[in-house]
Structures are given as structure tokens and as C-alpha cells.
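Chains as they are written, first to last, in this note's numbering: chain L, 18 to 239; chain E, 4 to 223.
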């Protein structure tokens, strides 16, 4: 499932833009040297990276909608990435496991956080292939799209202006997309309707929610 | 999970008793020759068996509560069994697979249909072991207890009177007890609360119910 989530405050968007404007970027191939599809630039400065990734990570894990939708147990430090005219990230898939400063992460969900106005650049939609169907996302600054990591997707060429985003990957407590979506939906219905129910029925529903999460959730480590 | 359901009308109870009273019974070991625990008698006459099992199958067939709880795919024709003073069915487990007229059945759920008034006999409880705990059932005539087939259970000795029951075994579309019980509970909540929900949320809940049933249900 695909979920658009409002994530950042105006001040946080401005801070990310400020960091991006005052910090050096490098060719995105430095972290994917064997990927010819990747033609973008990514933030390449320890202080700027620390500051922006902490800000964005904090925004992600305080976001109730994201927690409910993704059941995250690990979130990769978001990386600010930009596309200038002619740049793109051709059709690709995200790797299943990635190395983080504090251990490994299985990427169950991918996330793009948009950081500038869609009207300020042409092209640059995130295009997700669903077999013979297509989805395109070009969101407002501060909004994030969270989508399954096991899709073929691309960033279409930017033809003018600059596309500034941050990308991150989430490991979910519920790896299987079918199960994760079902639990999310069930929890949403319970949250929306629970207080109208007879207490006994709501208790039964809560039992079911917790049974399914125990049944399907990964074993916590550490 | 254990579920007690009202199943039979007074006429049906009377008809089962009439069939039992008029028909020959034989030693229950005839179908379980190697089971020393079984000390009861079962109906042994094709026409009486057909009449009683059809009557009982029809009663199950019209019970919405039974369908909701058991998700039955198939079941064995119930057969009448009686316990006279001194008879019992010692602690045992039910077989995983049973032969029946149309082929085989996997017994996911076991079911006892009580046909005598409980005060007409002494003893004769269905006793189910549940870890270090115990469950005992001795129900009014016409009621059934449906319980998981993978328990150790026994019929305690009848000390006076006569205990007439019918027993049957059910193969469920959802064999896993955890999943079956969860689906049952979810469907019950949806049935009880669905009309109070917004249309959108009720639809979302119905999607979840059907997704889980597709995900967990066996091919019919």
C-alpha cells in the first residue's frame, strides 16, 4: 500500500533547504558505484548529514500516522538528495538489506520526503510500476510517500529547476505487506469506531488486534 | 474454543429418542476394536442410522451459529450413542482422520449432541482436560458442545439412568484453532457493531474479514 503522510513543519522544511543550500553534495554513485541508473547528487558533509538526518528521523518517529502504517522498528538516517536538470534515477529496485551505522536494516518500506515546491521544477516524479499500471508521486514540501520496497520504481528526469528530497528506508515489525496492511486497516477501523462500540465488543476487537500483531510481528531483538 | 449451541427442537429430540428406543445398539468397540477405553453402545441399524443422522445433519445445516463458529467444510453423519450404568469412554483423543461414506474427513472439531435430560442420569459428563485444568459438560437435551478435536477427553462413568447422545466430527475450512477462533470473534464483532459504523469503515472491516478468510481458508 501507498501512503502519503504530512511529515514536516514549515520550519523543518526551511532548515532542510538551508542545510542543502550551504552543504556540499557529491555524485550519488559514491554509495552505489555499480548502478548506472543513478544520476543524482547526495549530501556529502558529516555535520550537514548528522543535522538533517536527525531532524528528519525525529520527524518520522514522532508521526503517529507513520507509526500506525509502517510498524517501524528501524529507520535508516534519511539522506538529502537532489536532482538538477538532466538528472534522474532510472528504473531500479531497492536492496533488501542495508548496512547502517548501528547494524543492518531490512528495507520493507521505502520513503521519499519531498523538500521543495513541485512547481519549482519540471519532471522528477517518483514513478512506481505496478506491472502494467503506473503510479506517479510529486508531492508538496514536507510530505512523504511511504511505499513497499519491493517495487520497480524510478525518478523521472528533471528537465528544469531542482528537485530536493530526502530518502529513507524502514524495517517493519510486520514484514509481509498483506499482513501489515491488514493490521493497519484493522487498527484504523478500531480507532475510528471503537468508542462507539459496546465495551465488550471493543475489548474483543482489541484482543484480535493484539493477537494478530503477536502472531505476525517480528521477534524484538536486543 | 468451546461453544455450546442450542440445536434441536423438542420434536427432533423426541424423534431421536424414539429411534434410539426402537433400534438395536451394539458394543461401541465395533468401530474402535483396539480401544479399551470405549465402553458404550452405538446404534447399529442402517435405516435408523440414516434417519437419525439426516435429521441431525439438517439441524446443523440450519444453524447459523454453528456455521459461524465452525466454518464447516464437511462433517461425519452423527451417530447415536448411549451409556448405561457402568459405561464410560475413558480418557482418549479423537483420530485425526476418519473414514466416512463419501471419503475421508479430517476431524478439526468434535461435537456431542445431548439427547437425554441431564437429571435423568447420574455421571456421564464430557470431561475435557485442559492442561492442569478441567472442563465438564452435561448439557440440556437438544444442546451441543463443539470443541477442538485435539484435546484429551473422556465420558465419565454413568452410575444410573441412561445417557443418550449423538457424536459427530467436523472438518473446518480453517483448521488452525487460533485462526478459526480469531476469525469467529472478528466476524461476531462485525455482525454486532457493523450497523453502527460509518459505511466506509464497515466496508473496510468486511474487506479484512474476507481477506483473512481467503488467506487462511482451505480449498472447499
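All C-beta atoms, glycine included, are put in the ideal place defined by N, C-alpha and C.
For clarity, every value in this text was computed on a predicted model and none was experimentally measured.
For residue i, the nearest candidate out of the options (CA to CA)
| i | options | result |
| --- | --- | --- |
| residue 46/L | 55/L, 40/L, 39/L and 38/L | 55/L |
| residue 136/E | 156/E, 66/E and 200/E | 156/E |
| residue 183/E | 149/E, 50/E and 167/E | 149/E |
| residue 88/E | 119/E, 129/E and 164/E | 164/E |
| residue 40/E | 95/E, 7/E, 23/E and 68/E | 95/E |
| residue 76/L | 65/L, 25/L and 103/L | 25/L |
| residue 139/E | 145/E, 133/E, 128/E and 91/E | 128/E |
| residue 133/L | 120/L, 146/L, 100/L and 151/L | 100/L |
| residue 3/E | 125/E, 57/E, 99/E and 170/E | Since the displayed chain E opens at 4 and closes at 223, residue 3/E lies outside it and no answer follows. |
| residue 192/L | 214/L, 175/L, 170/L and 127/L | 127/L |
| residue 111/L | 187/L, 70/L and 182/L | 187/L |
| residue 192/E | 99/E, 208/E and 65/E | 208/E |
| residue 77/E | 153/E, 101/E and 68/E | 101/E |
| residue 98/L | 210/L, 189/L and 70/L | 70/L |
| residue 44/E | 70/E, 35/E, 57/E and 86/E | 86/E |
| residue 185/E | 125/L, 227/L, 209/L and 158/L | 227/L |
| residue 179/E | 7/E, 63/E and 215/E | 215/E |
| residue 29/E | 90/E, 5/E and 61/E | 90/E |
| residue 57/L | 66/L, 63/L, 42/L and 68/L | 42/L |
| residue 8/E | 65/E, 14/E and 34/E | 65/E |
| residue 140/L | 119/L, 160/L, 102/L and 118/L | 102/L |
| residue 132/E | 61/E, 53/E and 159/E | 159/E |
| residue 23/L | 154/L, 82/L and 67/L | 82/L |
| residue 210/L | 205/E, 194/E, 190/E and 60/E | 205/E |
| residue 225/L | 147/E, 92/E, 99/E and 189/E | 189/E |
| residue 33/L | 119/L, 182/L, 61/L and 51/L | 182/L |
| residue 213/E | 202/L, 62/L and 235/L | 202/L |
| residue 73/L | 161/L, 208/L and 44/L | 161/L |
| residue 195/L | 156/L, 125/L and 220/L | 125/L |
| residue 231/L | 190/L, 118/L and 63/L | 190/L |
| residue 17/E | 161/E, 168/E and 181/E | 168/E |
In DSSP terms, what residue i is bridged to
| i | result |
| --- | --- |
| residue 45/E | 29/E and 84/E |
| residue 139/L | 177/L |
| residue 128/L | 163/L and 185/L |
| residue 154/L | 143/L |
| residue 123/L | 114/L |
| residue 20/L | 163/L |
| residue 174/E | 77/E |
| residue 6/E | 149/E |
| residue 105/L | 56/L |
| residue 170/L | 109/L and 145/L |
Contact belief for residue i with residue j at Cβ below 8 Å, rounded distance in angstroms
| i | j | result |
| --- | --- | --- |
| residue 115/L | residue 108/L | Between residue 108/L and residue 115/L the Cβ distance is about 19 Å, and since that is not below 8 Å, they are no contact. |
| residue 176/E | residue 105/E | Not a contact, Cβ separation roughly 17 Å. |
| residue 142/E | residue 172/E | Not a contact, Cβ separation roughly 18 Å. |
| residue 163/L | residue 20/L | 5 Å |
| residue 173/L | residue 144/L | 5 Å |
| residue 196/E | residue 218/L | 5 Å |
| residue 217/E | residue 174/E | At roughly 18 Å, the Cβ-Cβ gap does not stay under 8 Å, so residue 217/E and residue 174/E are not in contact. |
| residue 197/L | residue 88/L | 6 Å |
| residue 184/L | residue 129/L | 5 Å |
| residue 131/L | residue 165/L | Their Cβ separation, rounded to whole angstroms, is 19 Å, which puts residue 131/L and residue 165/L out of contact at 8 Å. |
| residue 19/E | residue 58/E | 7 Å |
| residue 112/E | residue 63/E | So it is not a contact: roughly 11 Å between Cβ atoms. |
| residue 162/E | residue 126/E | 4 Å |
Counted within 10 angstroms of its Cβ, other Cβ atoms place residue i as buried (16 or more) or exposed
| i | result |
| --- | --- |
| residue 22/E | buried |
| residue 24/E | exposed |
| residue 42/E | buried |
| residue 55/E | buried |
| residue 137/L | exposed |
| residue 84/L | exposed |
| residue 123/E | exposed |
| residue 36/L | buried |
| residue 152/E | buried |
| residue 53/L | exposed |
| residue 213/L | exposed |
| residue 105/L | buried |
| residue 222/L | buried |
| residue 82/E | buried |
| residue 120/E | exposed |
| residue 69/E | buried |
| residue 145/E | buried |
| residue 150/L | exposed |
| residue 33/E | exposed |
| residue 91/L | buried |
| residue 15/E | buried |
| residue 31/E | buried |
*Hey, which unbroken runs of the alpha helix (DSSP H) at 4 residues or more fall wholly within the region 78-142 of chain E?*
none
*What are the start and end residues of each continuous beta strand (DSSP E) run of 3 or more residues lying completely inside the region 27-100 of chain L, in chain order?*
42-44, 58-60, 89-92 and 96-100
*Counting only runs that start and end within the region 173-217 of chain L, where is the beta strand (DSSP E) found for 3 or more residues in a row?*
175-178 and 180-189
*Could you name each continuous alpha helix (DSSP H) segment of 4 residues or more that falls completely within the region 143-205 of chain E, going from the start of the chain to the end?*
180-196
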